[in-house]
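Asks: Okay, handing you the structure first.
Residue numbers (the working numbering): 151 to 271.
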């Protein structure tokens, strides 16, 4: 009986954590590319991030992570929902100096240890 209660509690905790994780979204990172001449006229990475932030009066949706070269910057965007994120990306891509936007895909530097062998329990 005790094991069943523990199993049920563990199951509920896992479900609860997954619901919380789906509600809270970590900051997203985007690669934003500019037209070369426009990037240089803005003064580089800092000016490019400021150019995006000036489009919104009271909030600054973009924080610069680092320049990437080739007139592109890596930025972090803190948004509360996927809908807000999509709206923000649509507004950014419509700016005249923006050439492209890509989502930053984190790379794992650790090799996969999954050998396809089921674990013993």
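Where a beta carbon is used, it is the ideal one built from N, C-alpha and C, also for glycine. This structure is a prediction, so every number in the text was calculated from the model and none was measured.
Pick out whichever of 243, 254, 186 and 152 has its Cα sitting closest to the Cα of residue 216.
Replies: Of 243, 254, 186 and 152, the residue nearest in Cα terms is 254.
Asks: Note down the Cα distance separating residue 237 from residue 205, rounded to an integer number of angstroms.
Replies: Cα-Cα distance, rounded: 13 Å.
Asks: Since residue 214 sits in a beta bridge, which residues does DSSP pair it with?
Replies: Paired residue(s): 225.
Asks: Going by C-alpha to C-alpha distance, which of 207, 196 and 246 sits closest to residue 224?
Replies: Of the candidates 207, 196 and 246, the one whose C-alpha sits nearest the C-alpha of residue 224 is 196.
Asks: Report buried or exposed for residue 184, applying the criterion of at least 16 other Cβ atoms within 10 angstroms of its Cβ.
Replies: Buried.
Asks: What does residue 250 pair with, by DSSP beta-bridge criteria?
Replies: Answer by DSSP bridge pairing, in chain order: 183.
Asks: Please list the terminal residues of the continuous alpha helix (DSSP H) segment that includes residue 197.
Replies: Note, residue 197: alpha helix (DSSP H), 195-203.
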